[in-house]
Amino acid sequence: MSSLLRLPFEKNRYYGGKMLTSADFSAEQSYVDRKQMFLNAVTWGFGILRGLSVKQLDDHSFLVDNGAAVDGSGRLIVVEKGCVKSVSAMKGSDRLTGERAVLYLAYGEEEVQEVRAAAPHDGQGEYQKNRIQEKYELYVSDWKEREEKKAGKGFFSESTVVMNEDYAVSLSVPLYACRQNAVRLSLRIRKFTDAEVPFEFYGVLQLPAFMTEEGEKELDIGCPKLRLKKGESYGRDYWLLPDYGDVKETEIFLKPGTVRALAGDEACSFRKKARLHVTVTEESPEMLAQRRAGKNNLDSVLDRKQTDVPLALLELEETEEGRRIGRIQEVGVRQYIPLPCQEEEREKYRSCYRELQNVPVSRRQEQENLEKCGEMSQGDEQREPLIRGGVIEIPLDVKMKKGKVCYSEEIVHGLGPGNVYVDVGLLCEDTTAVYGDNSLFARPGIDTAVRTAVKVFYEKGSFQVAVRVSGEQNDIILPLQWAAVRMAGHGEGQMEDISAMSITLENSTVYLRPREKYYLEVQFHNMAPCTLLYEPTDGEGSVSPDGTYTAPAKDGVYEVRISCRDYPKICTYVYAVVGNSYSSLP
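According to our numbering, the sequence shown is numbered sequentially starting from 5.
Encoded structure:
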């Protein structure tokens with residue numbers, strides 16, 4: 005814990021006859037100062053309040069404008085007027101080891117106004133400084149230290165795809181995706197050296213639980229041939245639309261065999277297992293941003309390692325005359341304090357999402373919509389539930405024993421083949437019917453206590469009723485009221501068309517390396533998309549609910565059965581050829 009923000013707070017207690025010493029007055033000042041610093045740290049945050057821009061004047065000097073900031077300990081730092089500084093004369097310049105340095109602003113104090121002590125104590129001089137003046141200090145430090153201190157934000161799923169001595173290619177997406185919102189995926193390419201090496205990158209991302217703005221399940225990413233300078237970066241954002249279904253966890257990963265990275269004429273190696281993990285949440289972006297912004301406890305403030313305020317990145321070059329300033333960069337280095345203090349962080353998170361407008365549909369959704377339109381055009385009767393009903397009489401044996409079961413004949417309900425719900429109730433003499441447990445109602449008109457069950461034959465469009473007598477009875481005929489219901493969209497002939505329904509894959513055989521991932525994109529024919537079940541028939545490898553297949557660790561040929569949960573007979577197979585020399589594309 006920082007000694008400046010140590011807890012609990014402690015203040016002076018006054019009482020009659022107390023002897024006040026310099027230590028008591030110092031404790032009074034310390035209490036007020038530390039409490040104000042604590043409030044600054046937890047409410048305002050850490051960074052620049054206003055001003056403090058850094059402008060290059062020539063090859064060796066720069067200007068820092070006036071302004072104010074709050075450091076990591078909550079201390080207010082004021083630069084009352086602009087100042088000109090030389091790189092070679094800056095504090096810390098003799099310890100720089102690289103060509104990139106960060107300019108920092110630090111809090112400082114100076115004892116001023118020398119006066120004669122009225123009654124010097126032992127060990128004190130005759131003259132003492134009467135005031136403490138708050139000041140500031142500027143110094144430089146290696147950029148590597150700055151990068152290490154920035155790491156670990158904890159909100160983004162990030163992955164480095166390509167890394168060599170000149171370039172790095174990385175992908176990032178929020179760890180959480182909101183069901184009703186698009187989410188932003190970012191591609192970033194950074195240059196590290198002065199080498200004049202052009203760079204180009206291309207790849208295809210597979211999106212098991214997302215789709216592109218064009219409704220596709222694969223996303224082409226990449227850049228044209230780049231010629232970046234040292235420290236420069238190239239960025240591009242892509243918006244992914246939700247296509248989750250029942251999925252709660254998913255991954256985004258590069259399609260095997262599609263990555264191409266060239267630095268000059270040389271191919272760059274890339275991470276074959278680069279992937280982004282995403283959790284699907286029911287929270288809105290606003291609620292998610294508020295929760296993430298307020299999640300950190302006091303430790304993030306009290307144990308903050310970086311207390312000094314970064315102002316700019318200095319790109320330096322060694323010359324005979326000393327270090328020369330190549331460029332000064334403020335973007336990505338400076339952190340401003342908004343009011344209220346968390347608004348910038350919330351806005352940063354909210355910027356990863358946007359409302360869905362004119363959302364294209366995926367191929368599966370488009371087919372489903374076309375089929376629904378075809379069903380609706382068959383007649384308005386499909387817009388409302390279809391209902392049929394009637395009365396049946398089941399003959400009973402004279403003095404039938406308790407517990408005996410009687411059956412009705414098979415009855416055609418008139419709604420045709422398909423998924424139809426049928427229920428029956430005991431018909432009373434007063435033209436009422438009792439469904440369920442009839443013993444719960446009054447007995448007049450009901451001489452028999454019975455239990456009923458209905459067996460529906462979907463393919464035949466008929467049903468049969470079973471009755472069990474659970475009490476004494478004197479009737480010969482048992483009258484029952486029945487009702488059959490088919491919900492809208494379950495038209496006649498649905499079961500008869502199952503032979504025309506099928507599912508297929510774009511590639512029935514894929515070539516993968518051990519532990520490599522591949523998205524099994526299924527296409528539906530003459531049927532609406534439905535929940536799929538994935539089963540590795542030999543028990544090797546695994547498939548997640550979103551259709552992502554992970555190859556086994558050992559070489560071989562493996563089979564995966566894919567079937568429809570609602571129609572188990574509708575299935576297809578995919579074969580994975582696994583080996584270290586394989587790739588899914590030539």
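Idealized CB from N, CA, C, for every residue including glycine. Just so it is clear, the structure is predicted and the values come from calculations on it, not from any experiment.
Spatially closest choice to residue i from the options, by CA coordinates
i    : options                   : result
R354 : A181, D69 and V282        : A181
S474 : V454, V458, I481 and L223 : V454
D241 : R328, P518, L24 and V187  : V187
D166 : G207, Y143, N185 and E200 : Here residue 166 turns out to be Val, not Asp, going by the sequence shown. The residue with the shortest Cα to Cα distance from V166 is G207.
G261 : G268, K277 and G249       : K277
K234 : Y18, L320 and E463        : L320
E250 : G127, F214 and G226       : Here the sequence assigns Asp to residue 250, which means Glu is not the residue at that position. Minimum Cα distance to D250 is reached at F214.
V119 : A110, N134, T513 and G127 : N134
E520 : Y35, V46 and R275         : R275
A110 : K464, S90, G393 and L142  : L142
E463 : Y439, D479, V424 and T197 : V424
E162 : V409, V282, A265 and E544 : V282
A271 : E322, K252, N168 and E286 : N168
Q40  : E413, R10, L509 and Y340  : R10
G393 : A488, V460, A437 and E414 : A488
A265 : V173, P572 and L516       : V173
Q539 : K85, G86, G560 and A580   : Just to set this straight, residue 539 is Glu in the shown sequence, not Gln. Comparing Cα positions, the closest option is A580.
R358 : E413, E290 and F13        : E290
A557 : Y571, C534, V582 and T576 : V582
Environment of residue i [buried if 16+ CB atoms lie within 10 Å]
i    : result
P399 : exposed
F528 : buried
H2   : One cannot answer for residue 2 here, as it falls past the ends of the chain, which runs 5 to 590.
C356 : buried
I574 : buried
G497 : With a pLDDT of only 43 at G497, under the threshold of 50, the placement of this residue in the model should not be trusted; the figure read from the coordinates follows. Classification for G497: exposed.
N1   : This structure does not reach residue 1, given that the chain is present from 5 up to 590, and the question cannot be answered.
Y171 : buried
E385 : Per-residue confidence for E385 stands at a pLDDT of 40, beneath the threshold of 50, marking its modelled position as unreliable; no derived number is given.
F257 : buried
V564 : buried
N584 : exposed
K195 : buried
V88  : exposed
E151 : With a pLDDT of only 44 at E151, under the threshold of 50, the placement of this residue in the model should not be trusted; the figure read from the coordinates follows. Per the 10 Å Cβ criterion, exposed.
L318 : buried
E293 : The sequence shown places Ala at residue 293, rather than the Glu named in the question. With 16 or more other Cβ atoms within 10 Å, it is buried.
D28  : exposed
L444 : exposed
D198 : exposed
Own chain, CB closer than 8 Å to residue i, minus 5 neighbours either side, in chain order
i    : result
V58  : F66, L67, V68, D69, L107, L315, A316, I332 and E334
S92  : H64, G326 and R327
R295 : E287
S546 : P540, Y553 and T554
Nonlocal neighbours in the same chain, by C-beta distance under 6 Å from residue i, ignoring five residues either side
i    : result
Q132 : A121
L537 : S567 and R569
G129 : none
E397 : I481 and P483
E375 : For E375, the pLDDT reaches just 46, beneath the cut-off of 50, and the residue's location in the model is therefore unreliable, leaving the point undetermined.
S506 : H529
G71  : R54, G55, L56 and V83
T513 : Y579
The beta strand (DSSP E) enclosing residue i, as first and last residue numbers
i    : result
D37  : It is not in any beta strand (DSSP E) - D37 instead sits in the alpha helix (DSSP H) that spans S26 to L43.
C568 : G560 to C568
R338 : Run containing R338: none; DSSP gives neither H nor E here.
D224 : E222 to L230
L244 : S237 to P246
H281 : R279 to T285
H529 : V526 to H529
R99  : Run containing R99: none; DSSP gives neither H nor E here.
A172 : Y171 to P178
E118 : R104 to R120
C-beta contact flag for residue i and residue j at 9 Å
i    : j    : result
L230 : E204 : yes
A73  : G51  : yes
L179 : F160 : yes
P483 : L419 : no
S97  : R327 : yes
E255 : D550 : yes
Q485 : V426 : no
K259 : Q210 : yes
Y522 : L516 : yes
T285 : R183 : yes
Own chain partners of residue i with C-beta closer than 7 Å, once the 5 adjacent residues on each side are dropped
i    : result
P202 : K229, L230, R231 and G268
A457 : A470
Y439 : D427 and G429
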